[in-house]
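First comes the structure, then the notes that go with it.
Protein chains: 2
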Amino acid sequence: MKNISPENISGFVVGEGCFYVECGNDKKYKLGYRIRPAFCIELRHDDRDVLEAVRSHLGCGNIYDLDFGRYKGYEQKKWKPHVKYRVSNFGDISKKVVPFFKRYSLFGKKRVSFELFSQIVELMKQQAHLDESGLQKIISLVNELKTLNKKGL
Amino acid sequence: MKNISPENISGFVVGEGCFYVECGNDKKYKLGYRIRPAFCIELRHDDRDVLEAVRSHLGCGNIYDLDFGRYKGYEQKKWKPHVKYRVSNFGDISKKVVPFFKRYSLFGKKRVSFELFSQIVELMKQQAHLDESGLQKIISLVNELKTLNKKGL
Numbered sequence: 002m003k004n005i006s007p008e009n010i011s012g013f014v015v016g017e018g019c020f021y022v023e024c025g026n027d028k029k030y031k032l033g034y035r036i037r038p039a040f041c042i043e044l045r046h047d048d049r050d051v052l053e054a055v056r057s058h059l060g061c062g063n064i065y066d067l068d069f070g071r072y073k074g075y076e077q078k079k080w081k082p083h084v085k086y087r088v089s090n091f092g093d094i095s096k097k098v099v100p101f102f103k104r105y106s107l108f109g110k111k112r113v114s115f116e117l118f119s120q121i122v123e124l125m126k127q128q129a130h131l132d133e134s135g136l137q138k139i140i141s142l143v144n145e146l147k148t149l150n151k152k153g154l
Numbered sequence: 002m003k004n005i006s007p008e009n010i011s012g013f014v015v016g017e018g019c020f021y022v023e024c025g026n027d028k029k030y031k032l033g034y035r036i037r038p039a040f041c042i043e044l045r046h047d048d049r050d051v052l053e054a055v056r057s058h059l060g061c062g063n064i065y066d067l068d069f070g071r072y073k074g075y076e077q078k079k080w081k082p083h084v085k086y087r088v089s090n091f092g093d094i095s096k097k098v099v100p101f102f103k104r105y106s107l108f109g110k111k112r113v114s115f116e117l118f119s120q121i122v123e124l125m126k127q128q129a130h131l132d133e134s135g136l137q138k139i140i141s142l143v144n145e146l147k148t149l150n151k152k153g154l
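Going down the list, the sequences are from chains Y and A.
What the first sequence shows, in my numbering, is residues 2 to 154, in sequence order.
What the second sequence shows, in my numbering, is residues 2 to 154, in sequence order.
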């Protein structure tokens, strides 16, 4: 496989990457609500090498085979197994993923999503999610990000 | 819009670009068969700026609005208007598009598609498509490229 440069990766992520925030009620957390910023890229399994290169540049994250579970029914629709690269560890997101894409800038709509995502990560670094008003601010940014990320044809 | 580098573009094209060959019977051509290599990227209309940047780097091609025709029925499915960048002029393909992606290499499966595409373009430059055996060789490469490009979930 040819050497993939950091700028190749940022260009690729504009097309294929997703910055999102998983959240929901969870009693284990102080305010009963869990917020977890994450980054992922999902490809067909025969492009796994590309995800290995991304992981090696970012120095974090895991790669999962998605050839099971909810996808099983799709086999007759010529569905091919997928592979997913995902980072959700907060330290990795804030110290590796965000700085990488600040340095090797994104463009287009993905840049807007990433800017919102970085704001959320920054607020969480400042522990804003540990009090009610900070949490509400973050939830409102998360909703904005969800709207931006919404897929459509 | 931030400055998009050539390596950003090759990374982006790995995810979003398509190298393909339009072909079919056409009596206007010597052997009754038309072969036209083309390159395109189709995005949602609100990312038109990205296509403008690609066109500016490649120095050729046109951008079309796809908010009509066969797409009309999709409005109720929340379909958004699309915009398409397309190069099909043979001189532009062989002197601009192919050299650009040879210099700023692609990766993953898209690289394999591009290599087949370049072989077809090279054969056409040597006018192989003007005799029957050359034409058959090209058609067989075109079929290989079609299989590679075939979409699936």
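All residues carry an ideal CB built from backbone N, CA and C; glycine is no exception.
Are there 16 or more other CB atoms within 10 angstroms of the CB of residue i, so buried, or fewer, so exposed?
{"i": "residue 66(Y)", "result": "exposed"}
{"i": "residue 100(A)", "result": "exposed"}
{"i": "residue 133(A)", "result": "exposed"}
{"i": "residue 44(Y)", "result": "buried"}
{"i": "residue 111(A)", "result": "buried"}
{"i": "residue 30(A)", "result": "exposed"}
{"i": "residue 62(Y)", "result": "buried"}
{"i": "residue 27(Y)", "result": "exposed"}
{"i": "residue 141(Y)", "result": "exposed"}
{"i": "residue 25(A)", "result": "exposed"}
{"i": "residue 60(A)", "result": "exposed"}
{"i": "residue 12(A)", "result": "buried"}
{"i": "residue 92(Y)", "result": "exposed"}
{"i": "residue 16(Y)", "result": "buried"}
{"i": "residue 154(A)", "result": "The pLDDT assigned to residue 154(A) is 49, lower than 50, so where the model puts this residue is not dependable, and the model offers no usable value."}
Let me make sure I understand the geometry here. Which of the options has the alpha-carbon closest to that of residue i?
{"i": "residue 53(A)", "options": "108(Y), 11(Y) and 50(Y)", "result": "108(Y)"}
{"i": "residue 10(A)", "options": "106(A), 64(A), 26(A) and 38(A)", "result": "106(A)"}
{"i": "residue 128(Y)", "options": "84(Y), 8(Y) and 36(Y)", "result": "36(Y)"}
{"i": "residue 7(Y)", "options": "51(Y), 80(Y) and 114(Y)", "result": "51(Y)"}
{"i": "residue 40(Y)", "options": "4(Y), 23(Y), 135(Y) and 103(Y)", "result": "23(Y)"}
{"i": "residue 138(A)", "options": "86(A), 124(A) and 149(A)", "result": "124(A)"}
{"i": "residue 1(Y)", "options": "83(Y), 38(Y), 64(Y) and 84(Y)", "result": "With chain Y covering only 2 through 154, there is no way to say anything about residue 1(Y)."}
{"i": "residue 113(Y)", "options": "148(Y), 92(Y) and 96(Y)", "result": "148(Y)"}
{"i": "residue 131(Y)", "options": "20(Y), 118(Y) and 34(Y)", "result": "34(Y)"}
{"i": "residue 20(Y)", "options": "135(Y), 136(Y), 95(Y) and 126(Y)", "result": "95(Y)"}
{"i": "residue 58(A)", "options": "126(A), 14(A), 120(A) and 118(A)", "result": "14(A)"}
{"i": "residue 18(Y)", "options": "93(Y), 5(Y) and 102(Y)", "result": "102(Y)"}
{"i": "residue 32(A)", "options": "88(A), 136(A), 98(A) and 16(A)", "result": "136(A)"}
{"i": "residue 83(A)", "options": "46(A), 55(A) and 16(A)", "result": "46(A)"}
{"i": "residue 81(A)", "options": "122(A), 91(A) and 48(A)", "result": "48(A)"}
{"i": "residue 5(Y)", "options": "56(Y), 16(Y) and 42(Y)", "result": "56(Y)"}
{"i": "residue 85(A)", "options": "64(A), 146(A) and 98(A)", "result": "64(A)"}
{"i": "residue 143(A)", "options": "121(A), 151(A) and 126(A)", "result": "121(A)"}
In the DSSP assignment, what residue or residues form a beta bridge with residue i?
{"i": "residue 26(Y)", "result": "34(Y)"}
{"i": "residue 42(Y)", "result": "18(Y) and 86(Y)"}
{"i": "residue 67(Y)", "result": "83(Y)"}
So, does the CB of residue i fall closer than 8 Å to a CB anywhere in chain B?
{"i": "residue 101(Y)", "result": "Chain labels in this structure do not include chain B; the protein chains are Y and A."}
task: Quick one: which residues of the stretch 105-118 of chain A get their C-beta closer than 9 Å to a C-beta of chain Y? List them in chain order.
output: 105, 106, 107, 108, 109, 110, 111 and 112
field: Under 7 Å (Cβ pairs) to chain Y, residues found in the stretch 32-63 of chain A
entry: 47, 48, 50 and 51
task: Quick one: which unbroken beta strand (DSSP E) runs of 3-plus residues sit fully inside the stretch 83-151 of chain Y? Chain order, please.
output: 83-88
field: chain Y contacts from the stretch 6-17 of chain A (Cβ-Cβ distance under 8 Å)
entry: 6, 8, 9, 10, 11, 12, 13, 14, 15, 16 and 17
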